[in-house]
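Asks: At position 275 of the sequence shown the residue is numbered 275 (the UniProt record's numbering), and the sequence of numbers has no breaks.
Positions of the beta carbon are idealized from the N, C-alpha and C atoms, including for glycine.
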Amino acid sequence: RYCPLETAVAARSGWALIPLPFPFCPLGDRLSVLEDSRMFKNLLSSGSLIRALHAALTWAVTLVLFLFETDLRQSENRGEFLQPVSFVLLVFCSMLLYFITSLMDPGYVTFDDELKGRIPQANQGVGNEKEQMIPVVQKPHRLRRCGFCMVQQPMRSKHCQSCQHCVRRYDHHCPWIENCVGERNHRFFVLYLMLQLAVLLWAFHVAWSGFRTEAAWKDWLQINLLLLLAFIIIIIFTVVVMLLLVSHLYLVSNNTTTWEFMSRHRISYLKHCGSEENPFDQGILRNLWTFFCVSKTVVWERIYFQDEDRLV
């Protein structure tokens, strides 16, 4: 028999309740099995097609750059392999970061976190003096349960309709990587954008060096058509990646997320703040240090209520 909470979670999330051979298996373990089965199902969905398409397009453009008389091809013909090998390694590292960002857990909130006490209570991090001065019921933020997956949401988390999970420090769901960008993989996403931009700028220079001049326009197009298509793809991706990188670096330096930046007027813990006020901002250098160098889970409730203490 299934408990009411387990049945409700399965019904809201579209899971299939699978009888387990252990009738007294803890609820957290049974829900973990349900979540793992759903993650395995997602691995075989459209995400695999998008990742395969990205990999195929990347290596196809790379191959075109070696087929024409570009700087890479000329260096290879002269027996100078440093530049071609460096370019291929850079592309490989970019692809590796792409798959790491795409396949890793972005910071899913699970029932195990709640059962093991990893989700702080609403008053955690607030000093005794603050508790005496302001009653608990007057606090602007309370942890609540997600109406879809029934987990208790820590501050800055959000339920993703595409992934069917609540994600810590939710930034956005990226269709390019077919995964959420959250607390655990956001730094890898930014590092991937940096490396991808370096690859694209180098590829832009290489592709430009491979165009051959012809007297007739039709002859030029016939000879350079494949390289021209690769060049257009490189330009499009360069513009997109550059815009994404600039916007994310700006948000990271202010310790805010895309979701918070776009929807702060609807977020319970931000809508009472001023338009220029950010309770999580600790200064540019410390924000960047926390983002790139701190790998543990950050308890944002502590930072949020410490900011309130300073105001009091």
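State the DSSP-derived secondary structure class of residue 272, mapped to helix, strand or coil.
Replies: The answer is coil: DSSP assigns residue 272 none of H, G, I, E or B.
Asks: Can you tell me the Cα-Cα spacing of residue 153 and residue 146, whole angstroms?
Replies: Whole-angstrom Cα-Cα distance: 6 Å.
Asks: Using the DSSP secondary-structure output, state which residues sit across from residue 179 in a beta bridge.
Replies: Answer by DSSP bridge pairing, in chain order: 174.
Asks: Express the C-alpha separation of residue 218 and residue 182 in angstroms, rounding to a whole number.
Replies: Each residue's alpha carbon lies about 49 Å from the other.
Asks: Between the region 166-178 and the region 271-291, are three or more C-beta pairs nearer than 8 Å?
Replies: Verdict: no, contact absent.
Asks: Just how far apart, CA to CA, sit residue 201 and residue 279?
Replies: Their backbone Cα atoms lie some 37 Å apart in a straight line.
Asks: What is the DSSP secondary structure of residue 152, counted as helix, strand or coil?
Replies: Strand at residue 152.
Asks: Where does residue 161 land, buried or exposed, given buried means 16+ other C-beta within 10 angstroms?
Replies: Residue 161 is exposed by the Cβ-count criterion.
Asks: For the beta strand (DSSP E) that residue 160 lies in, which residues bound it at each end?
Replies: Its beta strand (DSSP E) spans residues 158-160.
Asks: Just to confirm, are residue 188 and residue 248 a CB contact at a threshold of 9 Å?
Replies: The answer is no: Cβ separation not under 9 Å.
Asks: Can you look up residue 166 in the DSSP assignment and give me helix, strand or coil?
Replies: Strand at residue 166.
Asks: Using DSSP's beta-bridge definition, name the partner residues of residue 145.
Replies: Residue 145 is bridged to 152.
Asks: From 229, 149 and 273, pick the residue whose C-alpha is nearest to that of residue 63; which is it?
Replies: Nearest option by C-alpha distance: 229.
Asks: Mind reading off the beta-carbon distance from residue 76 to residue 212? Whole number of angstroms is fine, and I expect it under 8 Å.
Replies: With 8 Å as the limit, residue 76 and residue 212 do not qualify as a contact, their Cβ atoms being about 18 Å apart.
Asks: Taking 9 Å as the threshold (C-beta atoms), are residue 84 and residue 66 in contact?
Replies: Result yes, Cβ atoms of residue 66 and residue 84 sit closer than 9 Å.
Asks: Decide if residue 106 is buried, meaning its Cβ has at least 16 other Cβ atoms within 10 Å, or exposed.
Replies: With 16 or more other Cβ atoms within 10 Å, it is buried.
Asks: Taking the alpha-carbon positions, what's the residue 267 to residue 221 distance?
Replies: For residue 267 and residue 221, the distance between alpha carbons rounds to 53 Å.
Asks: Kindly indicate the opening and closing residues of the alpha helix (DSSP H) around residue 71.
Replies: From DSSP, the alpha helix (DSSP H) with residue 71 extends over 71-77.
Asks: Applying the 10 Å Cβ sphere with the 16-neighbour rule, what's the burial state of residue 155?
Replies: Buried is the call here.
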